[in-house]
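In this note's numbering, the protein residues as written are 26 to 245.
Below is the structure:
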């Protein structure tokens, strides 16, 4: 058995406290007492109470449904910054001095000619040129003036002077000097003969030949 809501007229169950349609309070829990004829509601006590006419309560508005919470916009990620263009190579400053070409190296000097070390006498005897040698027909008396060792050469034709030629080392060379012989001294180099100037030293090279009258000295 059902009753009707006195607010909206919707059918409700007798033991319902609220109307399922409008939500208004329609009864008390337990065995509700129906309204008394005449509009008075009896009391539970034995003595009759003052009766007051009942008035319908105004409908209670239902709370508005909560709106679904909108998602907050998340903070946007910062936009990527444009990368700078690749660095361009710096152009040369017109004020900079132009590079100068490397200075040319002077050509390497020719190696110094080899120094002679030995003189070979007409009889085949060999003497070192590491000391002063005084050659002649009879050089013993004059060798002391040159601080050298006398070397006597055979001269049957007597074409040679007593002190005819002086050989000896000097700074970086071996020199031959004719001190002023009567017949002079010839230098044969590569097949060409040269006359030594009296008193003027001449540097010797390996392969030279010296002609003192009929005697020949080989320089090696």
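Ideal placement from N, C-alpha and C gives every residue a C-beta, glycine not left out.
Distance, residue 130 Cα to residue 180 Cα: 55 angstroms
Through-space distance from residue 51 to residue 38, alpha-carbon basis: 10 angstroms
Classification of residue 155 by the beta-carbon crowding that lies within 10 angstroms, buried from 16 upward: exposed
Straight-line gap, residue 217 to residue 245 (C-alpha atoms, nearest Å): 17 angstroms
Completely contained beta strand (DSSP E) runs for the stretch 134-222, where each covers 3 or more residues: Counting only runs of 3 or more, we get 143-145, 151-153, 158-161, 174-177, 190-195, 198-202, 211-214 and 217-220.
Distance between beta carbons of residue 189 and residue 237, contact taken as under 8 angstroms: 5 angstroms
Three-state secondary structure (DSSP) of residue 127: coil
Close Cβ partners of residue 35 (< 8 angstroms) along its chain, the five nearest in sequence each way excluded: The residues are 29, 44, 45, 46 and 47.
Contacts around residue 209, its chain only, beta-carbon distance under 8 angstroms, and the 5 residues preceding and following it disregarded: 203, 220, 221 and 223
Proximal residues to residue 214 (C-beta, below 6 angstroms), its chain only, five neighbours per side dropped: 233
C-beta contact flag for residue 200 and residue 168 at 7 angstroms: no
Contact check, residue 173 vs residue 158, beta carbons under 7 angstroms: yes
Classification of residue 125 by the beta-carbon crowding that lies within 10 angstroms, buried from 16 upward: exposed
Beta-carbon proximity of residue 139 to residue 231, cut-off 7 angstroms: yes
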